[in-house]
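Novice: Have a look at this one before I ask anything.
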Amino acid sequence: MITGGQSVVVMLLLPCDDGDEQGCESGVQKFRVKMLAESGGQSTVDVLCQIGLDGIRMLDPNTSRTLRIYPIENITRCDKFDSSTFAFWSKSSVDVVEPRRIRLQSNSYTTNTLLDTVTAHHTEKALAVSFENLRLTKYNLFKQENQQAAELKCTRGPSSP
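Numbering (the working numbering), first residue to last: -16 to 144.
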């Protein structure tokens, strides 16, 4: 438990690919995957899947142009269907009934790493929110105590030496 003036340091330990120094510095990982079609009329698309603390981005592998963004707070679930297929569900204002499923296919190592990375980022986001709520609660209690002390001082009048 944290008490008094103690502070907490949260460290992020993220795996890095040896050749991806830029991704290592920013805490972002990129994976080359196939985004599978979910309905008729769609086709399987090669994408670069970029996972960061803010969420998941699908990038065009040739131009690095952003194709889709899935904010981390909108991701409701993730799972592995089989050794080569990772899936996550993301809600949006358009998906009123239930979250949309997005399936990504790659080799088993990448699929496992995708699951671990998304889970870790979702956990880090939840921890950050929890710590911020704790900080705000402590601040509000401190402010309330100071206001009560000031009101008490005002009702008693100034103290004489």
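Cβ coordinates follow ideal geometry from the N, Cα and C atoms, glycine included.
Under the three-state reduction of DSSP, which class applies to Val80: helix, strand or coil?
Specialist: Sequence index remark: in the sequence shown, residue 80 carries index 97 (1-based). Val80: coil per DSSP, three-state reduction.
Novice: Under 8 Å by Cβ, that's how I've got Ile34 and Thr100 pegged, so tell me the actual separation to the nearest angstrom.
Specialist: Taking the sequence shown and counting its residues from 1, one reaches residue 34 at position 51. Taking the sequence shown and counting its residues from 1, one reaches residue 100 at position 117. The Cβ separation is near 5 Å, so the contact holds.
Novice: Is it the case that the Cβ atoms of Ser73 and Arg86 are separated by a distance below 8 Å?
Specialist: For the purposes of this step, residue 73 is taken as residue 90 along the sequence shown, with counting starting at 1. For the purposes of this step, residue 86 is taken as residue 103 along the sequence shown, with counting starting at 1. No.
Novice: Just tell me which of Asn45, Tyr53, Ser22 and Thr49 has its CA closest to the CA of Asp37.
Specialist: Taking the sequence shown and counting its residues from 1, one reaches residue 37 at position 54. If we check each option's Cα against that of Asp37, Tyr53 comes out closest.
Novice: My output table needs one value for Arg118: the three-state DSSP class, helix, strand or coil.
Specialist: Within the sequence shown, the letter at position 135 stands for residue 118. Arg118 falls in the helix class under three-state DSSP.
Novice: Here's the rule: buried if 16 or more other CB atoms are within 10 angstroms of the residue's CB, otherwise exposed. What is Leu117?
Specialist: As a first step, residue 117 is located in the sequence shown; it is residue number 134 there, counting from the start. Answer is exposed; the Cβ neighbour count stays below 16.
Novice: Checking 8 Å against the spacing of the C-beta atoms, do Asn95 and Ser67 come in under that value?
Specialist: Taking the first residue of the sequence shown as 1, we reach residue 95 at position 112. Taking the first residue of the sequence shown as 1, we reach residue 67 at position 84. No, they are not a contact pair.
Novice: If I measure Cβ to Cβ from Val28 and keep anything under 6 Å in the same chain, skipping five residues before and after, which residues do I get?
Specialist: Along the sequence shown, one-based indexing puts residue 28 at 45. Excluding positions up to five away in sequence, the list reads Met18.
Novice: Can you tell me which residues form a DSSP beta bridge with Val30?
Specialist: Indexing the sequence shown from 1 puts residue 30 at position 47. Partner(s): Val16.
Novice: Report the residue ranges of all alpha helix (DSSP H) runs contained in full by the segment 44 to 101; include only those spanning at least 4 residues, in chain order.
Specialist: Fully enclosed alpha helix (DSSP H) runs of 4 or longer: not present.
Novice: Given this structure, state the Cα-to-Cα distance separating Glu4 from Val16, to the nearest angstrom.
Specialist: As a first step, residue 4 is located in the sequence shown; it is residue number 21 there, counting from the start. As a first step, residue 16 is located in the sequence shown; it is residue number 33 there, counting from the start. With a pLDDT of 38 at Glu4, under the threshold of 50, the predicted position of this residue should be treated as unreliable, though the coordinate-derived value follows. Near 20 Å, if we compare the C-alpha coordinates of Val16 and Glu4.
Novice: Does the beta-carbon distance from Leu97 to Phe14 come in below 8 Å?
Specialist: Taking the first residue of the sequence shown as position 1, residue 97 is located at position 114. Taking the first residue of the sequence shown as position 1, residue 14 is located at position 31. Yes, they are a contact pair.
Novice: Look up Leu135 in the DSSP assignment and say whether it is helix, strand or coil.
Specialist: Working through the sequence shown from its first residue, we reach residue 135 at position 152. In this structure, Leu135 counts as helix in the three-state DSSP scheme.
Novice: Pop quiz: Thr49 and Arg40 are said to be a contact at Cβ under 8 Å. What is the actual Cβ separation, rounded to whole angstroms?
Specialist: Start at 1 with the first residue of the sequence shown, and residue 49 comes out as number 66. Start at 1 with the first residue of the sequence shown, and residue 40 comes out as number 57. Contact holds; Cβ gap of about 6 Å.
Novice: For Asp62, which residues in the same chain have their Cβ closer than 7 Å to its Cβ, ignoring the five residues on either side in sequence?
Specialist: As a first step, residue 62 is located in the sequence shown; it is residue number 79 there, counting from the start. Same-chain partners within the cutoff: Ala70.
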